[in-house]
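Quick notes on the structure that follows.
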Amino acid sequence: MRAALALLLLVAAGTAGAQMYKWKDAKGLTHYSDTPPPASARQAEVKNFNSAPGADLPALLAEVARSHPVVLYTAADCAACAEGRALLQARGIPYSEKTVSTADDHAVLKKAGSPGQLPLLLVGQNKQIGFETATWDGLLSSAGYPASSALPPGYRHPPVGSAAPRRPSAAERERQAQEAARAAAEEAARGKRPPPPANAPPDFQF
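Each step along the sequence shown adds one to the number in the working numbering, with nothing skipped, and position 150 is 177.
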């Protein structure tokens with residue numbers, strides 16, 4: 028139990044301030060990722076790990092965000108990207124932003140549907156390459172997003188992250204595995220200890 032909890036905390040820490048997607052593929056296997064699932068995905072769910080306490084989305088907006096999550100791909104010194112970001116924020120759209128700068132980032136961008144042009148806007152399974160106010164507004168409205176902000180006062184957009192997040196090094200993976208194994212061993216040892224006598228003091232231990 029403790030080992031599972033430790034692993035869950037590691038995942039939550041790595042996704043703090045981000046959106047995590049859960050979905051099943053055609054074989055029924057469950058997947059977790061920080062990017063929207065493919066069109067063939069079934070039972071897709073989205074969890075917003077927002078750093079603002081109590082900043083849950085209103086029910087209708089939360090439903091739209093689950094069925095049509097918004098992801099914005101941008102780059103530094105990109106005027107059109109800044110305009111697109113401003114539109115999303117002014118309209119109160121809950122979205123996650125991915126920056127593109129490295130070769131790995133560009134590979135992810137290409138897989139997402141852009142040959143290299145930015146910004147790229149994903150609204151569920153729909154996409155728009157380049158910024159154009161009317162087109163973006165139409166795409167968001169078609170998905171069911173409100174025309175004006177319905178975000179709660181304490182809402183914070185997730186921190187911006189790289190399109191291709193850095194993978195843990197071999198040393199980091201080994202350390203995490205050792206920590207999980209240690210927690211599992213401690214839990215197993217604790218389960219083998221006999222219960223204290225019924226008349227033992229509260230702090231009694233074998």
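Think of the CB as a built atom: it goes at the ideal place given N, C-alpha and C, for glycine as much as any other residue.
Would you kindly check if the distance between the Cβ of residue j and the Cβ of residue i is under 7 Å?
{"i": "Asp104", "j": "Ala190", "result": "no"}
{"i": "Gly111", "j": "Pro146", "result": "yes"}
Using only the alpha-carbon positions, how far apart do residue i and residue j sit?
{"i": "Val97", "j": "Ala215", "result": "43 Å"}
{"i": "Glu213", "j": "Gln203", "result": "15 Å"}
{"i": "Lys49", "j": "Ala106", "result": "33 Å"}
{"i": "Phe158", "j": "Glu124", "result": "15 Å"}
{"i": "Leu135", "j": "Ser67", "result": "Residue identity differs from the one stated: residue 135 is Val in this sequence, not Leu. Cα to Cα, Val135 sits roughly 19 Å from Ser67."}
{"i": "Pro180", "j": "Pro192", "result": "29 Å"}
{"i": "Lys138", "j": "Thr62", "result": "11 Å"}
{"i": "Arg217", "j": "Pro186", "result": "39 Å"}
{"i": "Arg194", "j": "Gln205", "result": "18 Å"}
{"i": "Ser196", "j": "Gln144", "result": "30 Å"}
{"i": "Arg93", "j": "Tyr172", "result": "11 Å"}
{"i": "Glu201", "j": "Gly55", "result": "29 Å"}
{"i": "Ala198", "j": "Gly188", "result": "23 Å"}
{"i": "Arg209", "j": "Asp164", "result": "52 Å"}
{"i": "Tyr100", "j": "Thr126", "result": "6 Å"}
Please work out which residues of its chain come closer than 7 Å, Cβ to Cβ, to residue i, disregarding the five sequence neighbours upstream and downstream, and give them in chain order.
{"i": "Asn153", "result": "Leu166"}
{"i": "Ala177", "result": "Pro85, Leu88 and Gly119"}
{"i": "Thr160", "result": "Leu114"}
{"i": "Ser170", "result": "Correcting the residue type first, residue 170 is Ala in the shown sequence and not Ser. Hits under 7 Å: Val91, His95, Val150 and Gly151."}
{"i": "Gln60", "result": "For the record, residue 60 in the displayed sequence is Ser; it is not Gln. These residues qualify, in order along the chain: Tyr48."}
{"i": "Ala53", "result": "Ser67"}
Only counting the same chain, and skipping five residues up and downstream in sequence, which positions put a Cβ closer than 8 Å to that of residue i?
{"i": "Gln116", "result": "His184"}
{"i": "Thr162", "result": "Gln155"}
{"i": "Ser168", "result": "Ala174"}
{"i": "Ala130", "result": "none"}
Since residue i contacts residue j with CB under 8 Å, what's their CB separation in whole angstroms?
{"i": "Ser128", "j": "Ala102", "result": "7 Å"}
Spatial neighbours of residue i within its chain, please: CB distance less than 6 Å, with the 5 preceding and 5 following residues excluded, ordered by chain position.
{"i": "Ser141", "result": "Leu147 and Ile156"}
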